[in-house]
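Per our numbering, the very first residue in the sequence shown carries number 6; after that it's consecutive.
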Amino acid sequence: MKIKITRAKASDVDAISEIEKACFAVPWSYEMLHSDIVDSIVADYFVAKDEQGRALGFCGMYDVAEEAHITNIGVLPQYRGRGIAGQLVATMIKNAEAHGCQAITLEVRVGNEPAIRLYRKYGFVTEGIRKHYYGVNGEDAFIMWLNFGSKRTF
Ligand SMILES: CC(C)(COP(=O)(O)OP(=O)(O)OC[C@H]1O[C@@H](n2cnc3c(N)ncnc32)[C@H](O)[C@@H]1OP(=O)(O)O)[C@@H](O)C(=O)NCCC(=O)NCCS
Numbered sequence: 006m007k008i009k010i011t012r013a014k015a016s017d018v019d020a021i022s023e024i025e026k027a028c029f030a031v032p033w034s035y036e037m038l039h040s041d042i043v044d045s046i047v048a049d050y051f052v053a054k055d056e057q058g059r060a061l062g063f064c065g066m067y068d069v070a071e072e073a074h075i076t077n078i079g080v081l082p083q084y085r086g087r088g089i090a091g092q093l094v095a096t097m098i099k100n101a102e103a104h105g106c107q108a109i110t111l112e113v114r115v116g117n118e119p120a121i122r123l124y125r126k127y128g129f130v131t132e133g134i135r136k137h138y139y140g141v142n143g144e145d146a147f148i149m150w151l152n153f154g155s156k157r158t159f
């Protein structure tokens, strides 16, 4: 499946908000996403579209000084398992490097095996745990890091 990844803009917020709702039990609000995508100077969002221009997935990150922080990534359920998230992660890694970041970090639910495997595939390693990080059910989060000095897996 041919996917094009572009920087998200104001006209993508509606579709991204729908993907967010389809992916997360407690989705970020439209306003939060709009603020990040349109107003923020530290947030970078990318959207994955098919050849018809339909948005199938997206991701967001913050670049702060020499560290980047992945805040969210999601792919519509019916389009999972086709490498879309992988392309989004690779795009974020290149974006962080282009901004002069030395490392990327993120939090992920300890029970979110697909996401943990996704990040591991791109070289992220678990370096810590945040206890009861998620308010809804009190689930712990792994803290994962990718240091650009470490060996790449792609
Ligand atoms: C996690 C998520 C983004 C993966 O999207 P995707 O487009 O299906 O992922 P890809 O097809 O690019 O898969 C890339 C790698 O991720 C891992 N992976 C993806 N889905 C997986 C699954 N169901 N089980 C195990 N590993 C999985 C694999 O390592 C895979 O590589 P492989 O195909 O060589 O085995 C998607 O499941 C999703 O949107 N989940 C809900 C939102 C979420 O949990 N986001 C993460 C928040 S931290």
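For each residue, glycine too, the CB sits at the ideal point set by N, CA and C.
Could you check how far apart the C-beta atoms of L93 and I10 are, in whole angstroms? I think they sit under 8 Å. Between I10 and L93 the Cβ distance is about 6 Å, and since that is below 8 Å, they are a contact.
What is the DSSP secondary structure of E132, counted as helix, strand or coil? Strand.
Buried or exposed: N77, going by 16 or more other Cβ atoms within 10 Å of its Cβ? By the neighbour-count definition (other C-beta atoms within 10 Å, threshold 16), N77 is a buried residue.
If we require 4 or more residues per run, which alpha helix (DSSP H) segments fall completely within the segment 68 to 140? Taking only runs of at least 4 residues, the alpha helix (DSSP H) segments lying wholly in the segment 68 to 140 are 89 to 103 and 118 to 126.
Based on Cα-Cα distance, which residue from L81, G88 and K54 lies nearest to C28? Closest option to C28, judged by alpha-carbon separation, among L81, G88 and K54: L81.
Residue range of the beta strand (DSSP E) that V52 falls in? In the DSSP assignment, V52 falls within the beta strand (DSSP E) that extends over A48 to K54.
Which partner residues does K9 have in the DSSP bridge list? Paired residues: K54.
Alpha carbon to alpha carbon, how far is H104 from I46? Cα to Cα, the separation comes out at about 13 Å.
Residues of its chain near E71, where Cβ-Cβ distance is below 6 Å and the 5 sequence neighbours each way are ignored: For E71, where only same-chain residues beyond five positions count, the Cβ hits under 6 Å are C106 and Q107.
Neighbour-count burial assignment, G79, 16 or more Cβ in a 10 Å radius: Its Cβ being crowded by 16 or more others within 10 Å, G79 is buried.
Please report how far the alpha carbon of Q83 lies from the alpha carbon of W33, in whole angstroms. Going by the C-alpha atoms only, they are around 21 Å apart.
Quick one: Cα of V43 to Cα of I134, how far? In this structure, the alpha-carbon of V43 lies about 32 Å from that of I134.
I'd like to check one pair, I21 with A53: are the Cβ atoms closer than 8 Å? Remark: C-beta atoms of A53 and I21 do not approach each other more closely than 8 Å.
Pull up the DSSP beta-bridge partners for F153, would you. According to DSSP, which records beta bridges pairwise, F153 is partnered with nothing at all.
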